[in-house]
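Residues in the sequence shown are numbered consecutively from 61, following this note's numbering.
Note that beta-carbon positions come from the ideal geometry of N, C-alpha and C, so glycine has one too.
Note that the structure is a prediction, hence the values are computed from the model and not measured.
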Amino acid sequence: MTGSDDRRQDPPVNNPPVNNGLMISGGTHYVGNQAVGHGAQAFSGSVSFQPQDAERTAELLAYVERLLEEHRAALADPDATSRELRRLREELDEAEPQPTVLRRALDRLNEFVQPVTPLVVAVGQLAQSVQGLPGL
61 MTGSDDRRQD
71 PPVNNPPVNN
81 GLMISGGTHY
91 VGNQAVGHGA
101 QAFSGSVSFQ
111 PQDAERTAEL
121 LAYVERLLEE
131 HRAALADPDA
141 TSRELRRLRE
151 ELDEAEPQPT
161 VLRRALDRLN
171 EFVQPVTPLV
181 VAVGQLAQSV
191 QGLPGL
């Protein structure tokens with residue numbers, strides 16, 4: 061090349077790095093339903109399982125009750141959580157449980173247990189089991 065080159069190049073753009081991670085320090089933390097990173101999604105509620113029978117649903121109810129007692133102190137309103145679980149059990153004991161009543165009870169129960177990951181998972185399994193019952 062001869063002469064001067066009048067073309068100028070823009071300096072490279074130095075974008076700051078993006079941290080899609082999560083850092084928690086100090087104290088006690090109850091974490092559930094998280095997603096981190098570009099396009100990440102977290103879901104609450106039902107977990108994918110095969111349709112269940114009434115016996116499995118009864119087992120899951122008992123399991124949720126045990127977890128509720130075990131993690132009672134971590135719940136914002138343990139008494140309301142217990143009442144909702146009792147309502148769910150009573151509706152399931154009906155000859156013809158009403159799907160809307162079951163859904164409402166499961167949704168409320170799911171909201172109440174949010175701070176406690178094992179309860180969130182167990183309630184999700186219970187919800188899936190209830191959805192798989194004949195007639196629902």
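Alpha helix (DSSP H) segment containing residue i, residue limits
i: residue 179; result: 177-191
i: residue 115; result: 114-130
Three-way DSSP call (helix, strand, coil) for residue i in this model
i: residue 173; result: coil
i: residue 138; result: helix
i: residue 144; result: helix
i: residue 157; result: coil
i: residue 168; result: helix
Beta-carbon proximity list for residue i, same chain, < 7 Å, skipping 5 on both sides
i: residue 176; result: 90, 131, 134 and 135
Close-in-space but distant-in-sequence residues of the same chain around residue i (CB under 8 Å, 5 per side omitted)
i: residue 138; result: 128 and 132
i: residue 205; result: Nothing in the structure corresponds to residue 205, since the chain is present only between 61 and 196.
Other residues of its chain near residue i: CB distance less than 6 Å, five sequence neighbours each side excluded
i: residue 189; result: 112, 116, 117 and 120
i: residue 161; result: 151
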